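Number of protein chains: 2
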Amino acid sequence: MGDIGAANRSRPFATIGVMNFAPLKNDCFLRACLGEATDFTPVWLMRQAGRYLPEYCATRAKAGSFLGLAMNVDYATEVTLQPLERFPLDAAILFSDILTVPGAMGLGLSFEAGEGPRFARPLRDEAAINGLAAPDLDQLRYVFDAVASIRRELNGRVPLIGFAGSPWTLACYMVEGGSTADYRQIKSMLYARPDLLHRILSVNADSVAQYLNAQIDAGAQAVMLFDSWGGALADGAFQTFSLAYSARVFAQLKRVGPDGQVVPRIIFTKGGGLWLADMCNLVCDVLGVDWTVNLAAARDLLARNLQQQTAAPGAPVASGAATPTALQGNLDPAVLFASPEVIRSEVRRVLDGFATLSGAPGALRPAHVFNLGHGVNRLTPPDHVACLVDEVHAWSRHLRGA
Amino acid sequence: MGDIGAANRSRPFATIGVMNFAPLKNDCFLRACLGEATDFTPVWLMRQAGRYLPEYCATRAKAGSFLGLAMNVDYATEVTLQPLERFPLDAAILFSDILTVPGAMGLGLSFEAGEGPRFARPLRDEAAINGLAAPDLDQLRYVFDAVASIRRELNGRVPLIGFAGSPWTLACYMVEGGSTADYRQIKSMLYARPDLLHRILSVNADSVAQYLNAQIDAGAQAVMLFDSWGGALADGAFQTFSLAYSARVFAQLKRVGPDGQVVPRIIFTKGGGLWLADMCNLVCDVLGVDWTVNLAAARDLLARNLQQQTAAPGAPVASGAATPTALQGNLDPAVLFASPEVIRSEVRRVLDGFATLSGAPGALRPAHVFNLGHGVNRLTPPDHVACLVDEVHAWSRHLRGA
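Protein chains in written order, with the working numbering: chain S, 1 to 402; chain X, 1001 to 1402.
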């Protein structure tokens, strides 16, 4: 870590580019992340650049492989911007993969067609785990270059979100060697040798923090942690092996980007709806929720938490620290297989669920960033996404009486 | 339905056998299900008869196939009793499969080695759905015969649990044609043609109710609904498409078996922890929870619900109706991959979590049935199961000060 940190300080990634970025025209997403009032509900979609778009498939065919796509700055820039050409989305998200970080740790990452990611050298023995170290960030320069390139191409249209996998989710892949149905290897380690898992998670947390900070340096205007497998953990184990290490990432993150703007933080734990109260203790601005969560109940939970923060100004909230001020979600992606009329009706249901007043008048209210509860399915008709985005903007303006 | 109902009335299944069953020696499980105090916490395990036991594998090899095993009364009896020979479990559960019911509806059920269940004729068009009808229960006679046979062999050692899939979970398999990762077919139907899904769910609910009632007639002393895929639904959709149809099953169930004893009802929605408050409205005795649920919080929720039922004696609870009086769960099955010491420690954590007092002294407290949060993994060492069962009994007696 020491060496990489020194290298990072002596040669910051892509900061030359940052100074020349165009001013932001649409800051609705960033404002909502920080709990500020907006004229409409901003919307972006997890996996908004992906296989449901024919133009994405064309670029991917040119690139030859998924990693060929993700590791090429021009291709990554191209596919990141593709959904924005079609839909008036309020944010772009870097096209990349959460496994770039463990890939750079030397575990032998590959993506087999139709099989998902594979690690040639999964972490299964103590020696390999003790030898694990944060990657040389220079190996991930293609990611930071892509961030800078996308910022330039965006030209201030909407903000750019950077991202990483959560320490726990990365550890799942690193120990299992790929996707898993039963989490047998990682959970065996968790229960039988928690010390080994804590070591992996510590390295992951520090690596992810450096990685996200380098994305911020390169121009990412918000950052998101994908805790895709947090929901697989038992109550108690989630707090110890997922949440604590996400907190360790957030504790190391830059709060302000090179342009002097606050960089909002988002965390999304798939299947983590039962732990939202615990997640309110994260130094994080936005909690992403999947479709199993009742959005009104989650909003009330965040509102109560905000109220407590305000009621106790002496509470130990670090200077510049964040407390959750917004929710992100949570339409079931399967709704996009239905007709435009049904899509519009379900979008309104989500917006209404969040907007319905409860609690005392004048109470603090968190903001809402519209999203799906998971990624866009590859069989989604692009026109249906257009319909979703349009309804979010139209109905949320309507709800505000505009 | 009319014809099958008539046949059922004129020729009840296996009731001759019921009269001769031996009296129950260990009623701890049944008492806990009904919220009564017990000397120790009863324990049984989902999939306690299964591939982790070499004797199961031997019987299955004799049977030739999974369906050959499940459909043969002698084999089904043999494997149901196998775990009881090894471990002092407090209940037996019928060895069968939730897909027997749609199989009997003529959808062409098969189990391919290593692939899981397949339906040759999944429900994909309106004509097939309109033609769907409850199965002739005579086709499922092998199940009821197995129930009676197991009751005879149990000879009163412990009670026998019968079971079925929830209407929603069965519909998932019937529409998808097998297991699914994204629920694309069924959720497309749910959002695009909810009328078709409601028709399937209605047929399923009535079929499952008849099926469970026939199991009760044959000697099942408790019945359980496995809502294995309820957790895949969005908030709102769960209540409409899963919970409402589980309620429809419970509304039709016999409350008392042929021996005059109350037959407790259990429902387990995997991933349903966020909806426990909704499930408290079911006319059901036991709510099963997976390992993501905080057991103390769930217990407090049930206690508050019980308090309300008591505080409002005029509330519309039908005569003989049940309200949840017990929780079932919720150890992560992956704990069984750890050492005996860790297993015992995690078992104590679950028991302590449930036992820790909160709320007013003297408040109504639900009971606890120990179980895993999902089925026993096939790679589990049988000795580790022995260790779990022993610790549940020993520690729960210790907690009661015995």
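Backbone N, C-alpha and C define an ideal beta-carbon position, used for all residues, glycine too.
The model shown is predicted, which means the values in this text are computed figures rather than measured ones.
- Interface annotation for the stretch 1174-1200 of chain X against chain S: 1182, 1183, 1184, 1187, 1188, 1190, 1191 and 1192, criterion Cβ-Cβ distance under 8 Å.
- Taking all protein chains shown into account, residue 257/S has 16 or more neighbouring C-beta atoms within 10 Å of its C-beta and is therefore buried.
- By the Cβ criterion, the stretch 74-86 of chain S is in contact with the stretch 40-49 of chain S, since at least three pairs of Cβ atoms, one from each stretch, lie closer than 8 Å.
- Considering only 162/S, 322/S, 246/S and 349/S, the residue with the shortest C-alpha distance to residue 296/S is 349/S.
- The alpha helix (DSSP H) runs of length 4 or more contained entirely in the stretch 1045-1117 of chain X are, from start to end of the chain, 1054-1063, 1066-1070, 1073-1086 and 1100-1104.
- Close CB contacts of residue 1178/X within its chain, under the 7 Å cut and outside five residues either way in sequence, are with 1116, 1117, 1118 and 1119 (chain order).
- Note that the C-beta distance between residue 219/S and residue 150/S is below 9 Å.
- Taking C-beta atoms under 8 Å as the contact rule, residue 208/S and residue 215/S fail to qualify, at a distance of about 10 Å.
- By the rule that beta-carbons nearer than 9 Å mark a contact, residue 59/S does not touch chain X.
- Contact between the stretch 260-276 of chain S and the stretch 320-329 of chain S is present: 3 or more CB-CB pairs across the two stretches fall below 8 Å.
- As DSSP reads the structure, residue 1371/X sits in a beta bridge with 1330/X.
- Rounded to whole angstroms, residue 56/S and residue 63/S show a C-alpha spacing of 10 Å.
- Residue pairing of residue 119/S in beta bridges, as defined by DSSP: 109/S.
- Chain-ordered listing is empty here: chain X has no CB closer than 8 Å to the CB of residue 242/S, the nearest sitting near 12 Å.
- If the five residues before and after residue 1325/X are omitted, its C-beta is found closer than 8 Å to the C-beta atoms of 1033, 1034, 1035, 1285, 1286, 1302, 1306, 1366 and 1367, all from its own chain and listed in chain order.
- One finds 273, 274, 292, 293 and 294 in chain S with Cβ atoms closer than 8 Å to the Cβ of residue 1274/X, taken in chain order.
- Using a CB distance cut-off of 9 Å, residue 1260/X does not count as an interface residue toward chain S.
- Within a 10 Å sphere around the beta-carbon of residue 380/S sit 16 or more other beta-carbons, which makes this residue buried.
- CA-to-CA, the gap between residue 72/S and residue 185/S works out to about 33 Å.
- If you draw a straight line from the Cα of residue 250/S to the Cα of residue 76/S, it comes to about 26 Å.
- Residue 1166/X is outside the set of residues whose beta carbon lies under 9 Å from a beta carbon in chain S.
- Taking 9 Å as the threshold, the shortest C-beta distance from residue 1237/X to chain S falls below it.
- The beta-carbon of residue 337/S is placed less than 9 Å from the nearest beta-carbon of chain X.
- Residue range 1222-1227 is occupied by the beta strand (DSSP E) that includes residue 1222/X.
- Residues of chain X whose Cβ lies closer than 8 Å to the Cβ of residue 123/S do not exist; the shortest such Cβ separation is about 16 Å.
- Counting only the Cα atoms, residue 166/S lies some 24 Å from residue 68/S.
- Closer than 7 Å at the C-beta level to chain X, one finds no residue of the stretch 139-172 of chain S.
- Bridge pairing for residue 160/S: 92/S [DSSP].
- Annotated three-state conformation of residue 1038/X is coil, per DSSP.
- Contact residues of the stretch 205-237 of chain S toward chain X are 231, 233, 234, 235, 236 and 237 (C-beta to C-beta distance below 8 Å).
- At the C-beta level, residue 88/S and residue 385/S stay beyond 9 Å of one another.
- Ranked by how close their Cα comes to the Cα of residue 243/S, the residues 279/S, 254/S, 261/S and 158/S have 279/S in first place.
- Around residue 105/S, the same chain offers 135 as residues with beta carbons nearer than 6 Å, after the five sequence neighbours per side are excluded.
- Annotation: the continuous alpha helix (DSSP H) that includes residue 1144/X extends over 1141-1154.
- Taking 9 Å as the cut-off, the beta carbon of residue 233/S is found closer than this to the beta carbon of residue 1291/X.
- Interface flag for residue 1373/X against chain S is set, since a Cβ pair is found closer than 9 Å.
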